[in-house]
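Scroll down for the structure; my scribbles are underneath it.
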Amino acid sequence: MTFLTPKRLLSTRPILFFSFIMLLKSYLAWMVIFEDGFSWTTILKEIPFVLIVYCLIEWFASKRKLHYYLIANLVMTLILFAVIMYYKYYGVIVTYLALQQVNQVTAVKNSVFSLMDPYYLLIFIDIIIMAVILFRKKKAVNWKKENSKKESKRLVVALFSISVALCLFNILPNRASMNEIVKAEQMGILNYEAYMIFSKKEIEYVDPNQITQQKINAVKKTEQPATPQLWQKAAGKNVIILQMESFQNFLVNLKIDGQEITPNINKLVNENYYFKHFYQQVGQGNTSDAEFVVNTSLYIPPHGAATMEYADKELPSLPKLLKSQGYDTSTYHTNVVEFWNRGDLYKSLGFDRYYDQKFFGTEDTIFFGSSDEHLYAKTAEELDRISKTGKPFYSHVISMTAHHPYTIPEDKYKMTLPERYEGTFVGDYIRSQNYADYALGLFIEDLKERGIWDNSLILLYGDHLGLPIYSLDRDDKDLMAEIYGREYGYTDMINIPLVVASTGVTEPKVFDQLGGQVDIMPTIANLLGIALDDHIYFGQDLFNQTYNVLPQRYYLPSGSFLSSKELFMSGSGYEDGKHYSLAGDGLTEQEATEDEYQRALELLKLSDSYVSQLPSWKKEK
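As C-alpha cells, this is what we get:
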C-alpha cells in the first residue's frame with residue numbers, strides 16, 4: 001500500500017494544491033480588509049466557491065487540465081488583489097460594476113499604487129513560480145504529467161454538491177444585509193462577487209407624480225419659515241464656488257509646531273460664516289460627484305459615478321436656476337473635459353461654457369493638469385472679462401493640485417515640515433494643502449484687485465476626504481492622533497469645511513448645525529432671493545434649518561447617515577449598526593433613531609426614482 005506525504009499529495013492533486021494556494025490568498029485579503037481578520041470560518045466561506053470552480057475543471061477538462069487550473073487561479077487572484085487595492089483607496093468592496101469606470105481608475109494609477117504595501121504582491125508569488133516552471137520544458141512536462149490524472153467522479157460530485165450547499169448557506173441568509181462590507185464578510189469575498197453578478201433585479205421606482213417637494217420636506221421633517229433669515233441679502237451678486245481638492249475640516253486653523261497650515265482659508269473662516277459640521281456626500285466619482293451634488297441638490301446614484309449614470313438627464317440645477325435670472329454660467333477645471341465624462345455632465349447641468357485643458361493648456365502641469373496657480377490666474381482673467389459685460393455670473397472653480405497621492409514638486413513647497421512628518425502620507429497631504437492655500441490666496445488678492453471680490457457671493461468647501469482611515473499606516477495614524485488629540489475616526493474623515501463669504505453680508509460667525517453638499521444650492525438660492533418653487537431638491541437652506549438628516553453612500557456602507565449629533569453606520573440593518581459622535585468624544589447614549597434610518601433610505605429612494613425617470617437631453621439619431 002502506497003502512502004502519499006502531504007507534499008506529494010499536493011503536487012499530484014491539483015484540486016488540493018490550488019485550493020490550498022487560494023486559501024493563503026484569502027487569508028491575505030481578509031487580514032487587509034476585515035476588522036476581525038481571518039478565522040477558521042473563512043475556510044467555509046471562501047474555499048467552497050474555489051472548489052466549485054475546480055470541480056468543473058475536473059469534470060469537463062479532458063485535456064490541458066493544468067492550464068485551466070492556472071487560468072482559474074489567476075482570475076481569482078486578480079479578483080482578490082482588486083478587492084484589496086480598491087478597499088485601500090475607496091474603503092469599499094469592488095464589484096463588476098466598477099468596470100465601467102476602469103479608465104478613470106487607470107488615470108489615477110499613481111494614487112492607487114501609492115497605497116500598495118509590498119507584501120500585497122505576495123498574492124502573485126505562486127503565479128511567478130509556476131510561470132518559471134512552465135518555461136523550463138523538462139520540469140513543465142513532468143508537472144503536467146503528474147497532474148494529468150483525473151479525480152474520481154464520485155469524489156468530484158460529492159465535493160461539488162457540498163460546496164454548492166455551503167455557498168448557498170453563506171449567501172442566502174445574508175442577502176438582506178445593508179452594509180456591503182458586512183455582507184462580503186458574511187458571504188465570503190468570492191461568493192459576494194458572484195452574488196453581485198447574478199443578483200440583478202429591477203429597481204422599484206416611486207411614481208414621479210408622487211415625488212413632490214412637500215413629500216421630500218415631510219420625510220426630512222423640515223418646514224419653510226415665513227420670513228427666511230438672510231433672504232435676498234446677496235441679491236444680484238456674482239456667485240463664485242471654490243471647490244477645494246481633498247480639503248478636510250481639520251486643516252482649518254491648524255498649526256503644527258507653530259506653523260499655520262492654511263492661513264488664507266483661516267482668514268476666510270474667521271471673518272465670515274463658517275459651518276464646521278459640514279460633510280461630503282460623494283461616491284465613486286469623487287470630485288465629479290461633488291460637482292453634481294452641489295449643482296443639483298440631488299444624491300449620487302446607488303452604483304457608479306453620477307457623471308456616468310445621470311449625465312444624460314435633463315437635470316434641474318443651479319446653473320439653470322441662475323440662467324433664468326440673467327446670470328452667465330461657467331465652470332473651470334484644468335483636466336480634460338472627458339475625464340469622468342464631464343462634457344456630458346456640464347450639458348446636463350446647463351452651464352453656458354466649460355473651461356478645461358484646451359483653455360488652460362499644459363503649462364506647469366501637476367498630476368492631471370496645470371497647477372492651481374495657473375488655474376486661478378487664467379480664471380481671474382476670464383472672470384474679469386465676463387464681469388465687464390455687465391451681466392452677473394456664476395462660476396464654479398475646481399482646484400486640483402492637492403490631489404492624492406499629494407506628492408507635489410519641490411518647487412511648490414511653501415513650508416518646511418517637522419522631521420516627524422517628512423516621508424509620511426499625512427505630511428505630503430499637509431504640504432500639498434499648504435500649497436493649495438497659497439495659490440488660493442493669490443486668487444483672492446487678484447479678484448480683489450479687479451473689483452470682483454466685493455461684488456460676489458463666495459462659497460468654499462472641500463470636495464471629498466483626503467486621508468481615508470483605511471489608507472493610513474501606523475505612523476500616519478499616530479500623526480493624526482497628535483493633530484486631533486484623540487484617535488482619527490470616520491466622522492473626521494468625511495468632515496469638510498463650508499465657508500460663505502460676501503462683503504457687506506457675512507460677518508465672523510461659526511454655525512453648529514449639520515450640513516452637507518446637497519444643501520449648497522438651496523442656501524445660495526436663499527441668499528440671492530430666488531424661489532425654488534419649480535425645483536425638486538433634497539438639501540435645505542442652512543441659515544433657516546437646524547435639524548438635518550444626511551444619507552451617505554459609497555465611502556460609507558448603504559444605510560449610513562448623519563443626524564444632528566452623530567454618524568450612524570449600518571450593519572446588516574439598523575439594530576447591529578454603529579453610532580459615532582460627531583464631536584469625536586464618544587457617546588453617552590445613541591442619538592440616531594431607527595425612524596431617521598428609515599427616512600434616510602426613503603430619501604435616497606426618492607432621489608434615485610426622480611433622477612432615473614427624468615427625460616434625456618440626448619437626441620436619438
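Residue 137 in the numbering used here sits at position 137 of the sequence shown; the count goes up by one each step and never skips. All C-beta atoms, glycine included, are put in the ideal place defined by N, C-alpha and C. These numbers come from a predicted model, not from an experiment.
### Message
At the level of alpha carbons, what is the spacing between Ala-531 and Gly-236?
### Response
Locating residue 531 in the sequence shown gives position 531, counting from the first residue. Locating residue 236 in the sequence shown gives position 236, counting from the first residue. Their backbone Cα atoms lie some 14 Å apart in a straight line.
C-alpha gap between Glu-381 and Lys-388, whole angstroms | Sequence index remark: in the sequence shown, residue 381 carries index 381 (1-based). Sequence index remark: in the sequence shown, residue 388 carries index 388 (1-based). Glu-381 and Lys-388 have their C-alpha atoms some 11 Å from each other.
Practice task
Apply the 10 Å Cβ neighbour rule to Arg-8 and answer buried if 16 or more other Cβ atoms are within range, or exposed otherwise.
Solution key: Translated into the one-based positions of the sequence shown, residue 8 becomes position 8. Only weak support exists for where Arg-8 lies, its pLDDT of 48 falling under 50; the value from the coordinates is given anyway. With fewer than 16 other Cβ atoms within 10 Å, it is exposed.
**Prompt:** Straight-line CA distance for Asp-384 to Gln-540?
**Reply:** Translated into positions along the sequence shown, residue 384 becomes position 384. Translated into positions along the sequence shown, residue 540 becomes position 540. Looking at the two C-alpha atoms, the distance is approximately 32 Å.
Can you find at least 3 beta carbon pairs, one from the segment 449-461 and one from the segment 226-245, that sit closer than 8 Å? yes
Where His-622 falls: helix, strand or coil (DSSP) | Only positions 1 to 621 of the chain appear in the structure, and residue 622 is not among them; the question remains open.
Below 8 Å between beta carbons: does that hold for Gln-665 and Phe-278?
Outside the displayed span of the chain (1 to 621) sits residue 665, for which this structure offers no information.
* Asked: To which residues does DSSP link Pro-551 through a beta bridge?
  -> Within the sequence shown, numbered from 1, the residue matching residue 551 stands at position 551. Partner(s): Phe-561.
Short Cβ contact (8 Å threshold) for Gly-690 with Leu-550 = With the chain covering 1 to 621 only, the question about residue 690 has no answer from this structure.
task: Could you check which residue in Leu-614, Leu-472, Cys-55, Leu-601 has the C-alpha nearest to that of Asn-179?
output: Within the sequence shown, residue 179 is the residue found at index 179, counting from 1. Checked all of Leu-614, Leu-472, Cys-55, Leu-601; the closest Cα to Asn-179 is Leu-601.
query = Given a threshold of 16 other Cβ atoms within 10 Å of its Cβ, counted over all protein chains shown, does Val-282 qualify as buried or as exposed?
reply = Stepping through the sequence shown from its first residue, residue 282 is reached at position 282. Flag for Val-282 reads buried.
Checklist line | Segment limits, beta strand (DSSP E) that includes Arg-353 | finding: Locating residue 353 in the sequence shown gives position 353, where the first residue counts as 1. It spans 353-355 - the beta strand (DSSP E) in which Arg-353 sits, taken as one unbroken run.
Original post:
Once you ignore the five residues that flank Asp-519 on each side, which residues in its own chain have a CB closer than 8 Å to its CB?
Top reply: Your numbering for residue 519 matches position 519 in the sequence shown. The answer, listed in chain order, is Ser-297, Gly-539, Gln-540, Asp-541, Leu-542, Asn-548.
Fill in: Beta-carbon proximity of Pro-319 to Gly-343, cut-off 8 Å
Stepping through the sequence shown from its first residue, residue 319 is reached at position 319. Stepping through the sequence shown from its first residue, residue 343 is reached at position 343. Not closer than 8 Å, so no.
Can you list, in chain order, the residues of its chain whose CB lies under 8 Å from that of Asn-270, leaving out five sequence neighbours each side? Translated into positions along the sequence shown, residue 270 becomes position 270. Cβ within range, chain order: Asn-253, Pro-508.
Exercise. Quick one: measure Cβ to Cβ for Ser-609 and Ile-211, integer angstroms, because I've assumed they're closer than 8 Å.
Key: Taking the first residue of the sequence shown as position 1, residue 609 is located at position 609. Taking the first residue of the sequence shown as position 1, residue 211 is located at position 211. Ser-609 to Ile-211, Cβ: 6 Å. Contact.
Where the beta strand (DSSP E) containing Glu-338 begins and where it ends: In the sequence shown, residue 338 corresponds to position 338, counting from 1. Neither: Glu-338 is in no beta strand (DSSP E) and is coded neither H nor E.
_Count Cβ pairs between the segment 24-40 and the segment 80-100 that sit closer than 8 Å; are there 3 or more?_
yes
Next on the checklist: Tell me which residue opens and which closes the alpha helix (DSSP H) that Asp-446 is part of.
Outcome noted: Walking along the sequence shown from the start, residue 446 turns up at place 446. Here the alpha helix (DSSP H) through Asp-446 covers 425-449.
- Query: From which residue to which residue does the beta strand (DSSP E) around Leu-467 run?
  - Reply: Start at 1 with the first residue of the sequence shown, and residue 467 comes out as number 467. That residue, Leu-467, is in no beta strand (DSSP E); it is neither H nor E in DSSP.
Check your understanding: In the structure shown, what three-state DSSP assignment does Pro-497 receive?
Key -> For the purposes of this step, residue 497 is identified with residue 497 of the sequence shown, where counting begins at 1. In the structure shown, Pro-497 sits in a strand (DSSP, three-state: E or B).
Element boundaries [beta strand (DSSP E), containing Met-244]: Residue 244 sits at position 244 when you count from the first residue of the sequence shown. That run of the beta strand (DSSP E) goes 238-244.
Evaluate Ser-324 with the Cβ neighbour count: other Cβ atoms within 10 Å of its Cβ, from every protein chain shown; 16 or more gives buried, anything less gives exposed. The sequence position of residue 324 within the sequence shown is 324, counting from 1. With fewer than 16 Cβ atoms within 10 Å of its Cβ, Ser-324 is classed as exposed.
Item checked: Classification of Gln-552 by the beta-carbon crowding that lies within 10 angstroms, buried from 16 upward -> Position 552 of the sequence shown, counting from 1, holds the residue named residue 552. Its Cβ being crowded by 16 or more others within 10 Å, Gln-552 is buried.
Task: Cα-Cα separation, Lys-412 to Gly-485 - done: Residue 412 sits at position 412 when you count from the first residue of the sequence shown. Residue 485 sits at position 485 when you count from the first residue of the sequence shown. Rounded to the nearest angstrom, the two C-alpha atoms are 29 Å apart.
| field | Length of the line joining the Cα atoms of Lys-63 and Tyr-69 | value | The residue you call residue 63 lines up with position 63 of the sequence shown. The residue you call residue 69 lines up with position 69 of the sequence shown. Straight-line Cα distance between these residues: approximately 12 Å.
> So is Trp-40 buried or exposed if we call it buried at 16+ other beta carbons inside 10 Å?
Replying inline: Within the sequence shown, numbered from 1, the residue matching residue 40 stands at position 40. Exposed, because fewer than 16 other Cβ atoms sit within 10 Å of the Cβ of Trp-40.
- request: Tell me whether Met-569 sits in a helix, a strand or coil according to DSSP, three-state version.
  value: If you number the sequence shown from 1, residue 569 lands on position 569. Strand, per DSSP.
Task: Beta-carbon proximity check, Met-196 vs Asn-170, cutoff 8 Å - done: Working through the sequence shown from its first residue, we reach residue 196 at position 196. Working through the sequence shown from its first residue, we reach residue 170 at position 170. For Met-196 and Asn-170, no; Cβs fall outside 8 Å.
Euclidean distance between Cα positions of Lys-448 and Asp-454: Counting from 1 along the sequence shown, the entry for residue 448 is found at position 448. Counting from 1 along the sequence shown, the entry for residue 454 is found at position 454. Rounded to the nearest angstrom, the two C-alpha atoms are 7 Å apart.
Discussion item. Rounded to whole angstroms, what is the Cα-Cα separation between Tyr-327 and Thr-379?
Written reply: Your numbering for residue 327 matches position 327 in the sequence shown. Your numbering for residue 379 matches position 379 in the sequence shown. Taking the straight line joining both Cα atoms gives about 17 Å.
Relative to the C-alpha of Ser-163, which residue among Asn-191, Glu-185, Tyr-537, Ser-572 is closest?
Indexing the sequence shown from 1 puts residue 163 at position 163. The shortest C-alpha separation from Ser-163 is found at Asn-191.
**Request:** Could you please give the first and the last residue of the uninterrupted alpha helix (DSSP H) stretch that includes Val-53?
**Result:** Here residue 53 corresponds to residue number 53 of the sequence shown, with the count starting at 1. Its alpha helix (DSSP H) spans residues 40-60.
Nearest residue (CA-CA) to Leu-514, options Pro-497, Ile-524, Ser-399, Asn-272: By one-based count along the sequence shown, residue 514 stands at place 514. For the residues Pro-497, Ile-524, Ser-399, Asn-272, the minimum Cα distance to Leu-514 belongs to Pro-497.
Q | Same chain, Cβ closer than 6 Å to Thr-287, neighbours up to 5 away in sequence not counted | A | Along the sequence shown, one-based indexing puts residue 287 at 287. Counting only Cβ-Cβ distances below 6 Å, and skipping sequence neighbours, we find Asp-463.
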